[in-house]
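> Just passing along the structure, written as structure tokens.
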Amino acid sequence: AKASGRNAISSYHGAMHEAASQRLKIDRELRVALRDDQLRLYYQPMVDHGGQVIGVEALVRWLHPERGMVSPAEFIPIAEESGIILELGEWVLRTACTDLVRLIGHFGDATPSISVNLSARQFRLPGLIDTVTAIAAESAAPLSRLRLEVTEGSLLDNVERAISTMQALRALGVLFSIDDFGTGYSSLAYLKKLPVDTIKIDQSFVLDVLTDNNDAGIVEAILSMARHLGLATIAEGVESVQVRDFLMTRGCNYFQGYYFSRPLTFEHLVAFIEQSSGR
Ligand code: C2E
Ligand code: CA
Ligand code: CA
Ligand code: CA
């Protein structure tokens, strides 16, 4: 028993070591990815009750030379830990701004806003307001069509500071959504102090909302709370018309998910918007 216990411990340390060196490897490779243009932005439509595209979420992909398309779920947490998320985040913002200007070239005043995910580390950076302003100015992208998605977690560690950062950006036209709503430990008290107009209901509550009574209860509670606070709601992870209908009849304003569209390349996004607006 002793021997197997020691083996268990050493293989535990082995696994920890392996995980650490794996993180180091990905960090190194991400720096190469940024330098060699291996990242791509995809866009997933968000639609209203009539299926019109009211916004699109920018989602990063890594076109790895050997592994093919890598999901951000695999590398964003590592990039966040290592700090390279700051450079990656600037790349995402810059690309989204350039694409926003191209989108305006196609759709003019009817152009949907682009949502960009802001990591906790980016959100806490003192120079955030200047960075956003400067990057948007490079491509002359209008800040009024830029939306930032921040998670509950990144707001909570310093609520007063979060509020002042958001207010400064809001004054420049930038819109805010709270991402992954329901998964953090939000105090409802601060919600009404934040300059946000939209909350995104996390997909973990949406995916099984028809079969899981707990999820249904949470979704209904979030929708009712949002209504009372005058906030718009977007449900993510909508994979079927039945889920869309469930949410629609309970007052959810907007939807995002595979039922409507997967994340798309810029070219496919343009075609999708043309189709959904009946042009
Ligand atoms: P998120 O912000 O919650 O993004 C939504 C995720 O749900 C995306 O995964 C999207 O592809 C996926 N999704 C959309 N509709 C459905 C659906 O109907 N069913 C299911 N099962 N999934 C759906 P993705 O693209 O893999 O992104 C994962 C996470 O990586 C994002 O979660 C976000 O936290 C992070 N991320 C992605 N791009 C960026 C970025 O540019 N910056 C930062 N900081 N984080 C990013
Ligand atoms: Ca998001
Ligand atoms: Ca989310
Ligand atoms: Ca998420």
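Position one of the sequence shown corresponds to residue 336 (the UniProt record's numbering), numbered consecutively onward.
Just so you know, even glycine gets a beta-carbon here, dropped at the ideal spot from N, CA and C.
I'd like the ranges of any beta strand (DSSP E) spanning at least 3 consecutive residues and lying wholly in the region 505-531.
As far as the region 505-531 is concerned, its whole beta strand (DSSP E) runs of at least 3 residues are 510-516.
> To test your reading of the DSSP string, which unbroken beta strand (DSSP E) runs of 3 or more residues are found completely within the region 432-460?
Within the region 432-460, the complete beta strand (DSSP E) runs of at least 3 residues are 448-452.
> Comparing the CB of GLU571 with every heavy atom of ligand 3, is any distance shorter than 7 Å?
Taking the sequence shown and counting its residues from 1, one reaches residue 571 at position 236. Yes, the Cβ of GLU571 comes within 7 Å of a heavy atom of ligand 3.
> Can you give the Cα-Cα distance for GLY613 and PRO447, rounded to whole angstroms?
To locate residue 613, count along the sequence shown from 1; it is residue 278. To locate residue 447, count along the sequence shown from 1; it is residue 112. If you take the alpha carbons of GLY613 and PRO447, they lie about 15 Å apart.
> Grab the span of the alpha helix (DSSP H) containing GLU415 for me, first residue to last.
Your numbering for residue 415 matches position 80 in the sequence shown. Per DSSP, GLU415 belongs to the alpha helix (DSSP H) from 407-417.
> Closer than 5 Å between the C-beta and any heavy atom of ligand 2: which residues qualify, listed along the chain?
Checking every Cβ against the heavy atoms of ligand 2 under 5 Å gives ASN452, GLU484 and ASP514.
> On the DSSP bridge assignment, give the partners of LYS535 in chain order.
Here residue 535 corresponds to residue number 200 of the sequence shown, with the count starting at 1. DSSP lists ILE569 as partners of LYS535.
> Comparing C-alpha positions only, which one of GLN457, GLN591 and LEU438 sits nearest to GLU422?
The residue labelled residue 422 in the question sits at position 87 within the sequence shown. Among GLN457, GLN591 and LEU438, the Cα nearest to that of GLU422 is on GLN457.
> Determine which residues share a DSSP beta bridge with MET381 and list them.
Along the sequence shown, one-based indexing puts residue 381 at 46. Its beta-bridge partners are GLY390.
> Roughly how many angstroms lie between the CA atoms of SER356 and GLY349, to the nearest whole one?
Against the sequence shown, residue 356 aligns to sequence position 21. Against the sequence shown, residue 349 aligns to sequence position 14. If I take the Cα positions, the gap works out to 11 Å.
> To which residues does DSSP link residue 299 through a beta bridge?
Examination of residue 299 is not possible in this model, given that the chain is present from 336 through 614 alone.
> Could you give the residue range of the beta strand (DSSP E) that holds ARG482?
Sequence index remark: in the sequence shown, residue 482 carries index 147 (1-based). Looking at the DSSP string, the run of the beta strand (DSSP E) that includes ARG482 is 481-486.
> Which full runs of the beta strand (DSSP E) of 3+ residues lie inside the region 553-608, going along the chain?
Whole beta strand (DSSP E) segments, 3+ residues: 567-571 and 589-591.
> Any idea what DSSP makes of LEU374, helix, strand or coil?
In the sequence shown, counting from the first residue as 1, residue 374 sits at position 39. Strand at LEU374.
> With contact counted as at least three CB pairs below 8 Å, one residue from each stretch, are the region 595-612 and the region 384-398 in contact?
Yes, since at least three Cβ pairs between the region 595-612 and the region 384-398 fall closer than 8 Å, the two stretches touch.
> Do you know offhand how far LEU460's Cα is from ASN548's?
Reading the sequence shown from its first residue, position 125 is the one you call residue 460. Reading the sequence shown from its first residue, position 213 is the one you call residue 548. Approximately 40 Å, taken between the alpha carbons.
> Near THR600, which residues of its chain fall below 7 Å by C-beta distance, leaving aside the five closest residues on each side in sequence?
Sequence index remark: in the sequence shown, residue 600 carries index 265 (1-based). Answer for THR600: TYR377, listed in chain order.
> Should MET351 be labelled buried (16 or more other beta-carbon atoms within 10 Å of its own) or exposed?
To locate residue 351, count along the sequence shown from 1; it is residue 16. MET351 comes out exposed.
> Tell me whether ASP537 counts as near ligand 3, meaning its Cβ is closer than 7 Å to at least one heavy atom of that ligand.
The residue you call residue 537 lines up with position 202 of the sequence shown. ASP537: yes, Cβ under 7 Å from ligand 3.
> Tell me which same chain residues have a C-beta within less than 6 Å of the C-beta of GLU392, skipping the five on either side of it?
For this step, residue 392 is matched to residue 57 along the sequence shown. GLN379 and SER450.
> Could you pull the DSSP bridge partners for GLY403 from this structure?
Position 68 of the sequence shown, counted from the first residue, corresponds to residue 403. In DSSP, GLY403 forms a bridge with HIS399.
> According to DSSP, is SER474 helix, strand or coil?
Within the sequence shown, residue 474 is the residue found at index 139, counting from 1. DSSP places SER474 in helix when its eight states are reduced to three.
> Below 6 Å CB to CB, which residues in the same chain sit around GLN502 once its five sequence neighbours on both sides are set aside?
On the sequence shown, residue 502 is found 167 positions in, with the first residue counted as 1. So the list reads PRO530, once near-sequence residues are dropped.
> Report the CB separation of ASP515 from GLU487 in whole angstroms; it is logged as a contact under 8 Å.
Indexing the sequence shown from 1 puts residue 515 at position 180. Indexing the sequence shown from 1 puts residue 487 at position 152. Confirmed, Cβ separation roughly 7 Å.
> In angstroms, rounded to a whole number, what distance separates the CA positions of THR500 and ARG480?
The residue labelled residue 500 in the question sits at position 165 within the sequence shown. The residue labelled residue 480 in the question sits at position 145 within the sequence shown. Their backbone Cα atoms lie some 18 Å apart in a straight line.
> To the nearest whole angstrom, what separates the beta carbons of ILE428 and ILE470, a pair I think is in contact under 8 Å?
Walking along the sequence shown from the start, residue 428 turns up at place 93. Walking along the sequence shown from the start, residue 470 turns up at place 135. Checking the displayed sequence, the identity of residue 428 turns out to be Leu instead of Ile. That belief holds up - the Cβ atoms of LEU428 and ILE470 are roughly 5 Å apart, short of 8 Å.
> By alpha-carbon positions, which one of CYS587, ARG375 and THR466 ends up nearest to THR533?
As a working mapping, residue 533 is identified with position 198 in the sequence shown. Taking only the C-alpha atoms, the option nearest THR533 is CYS587.
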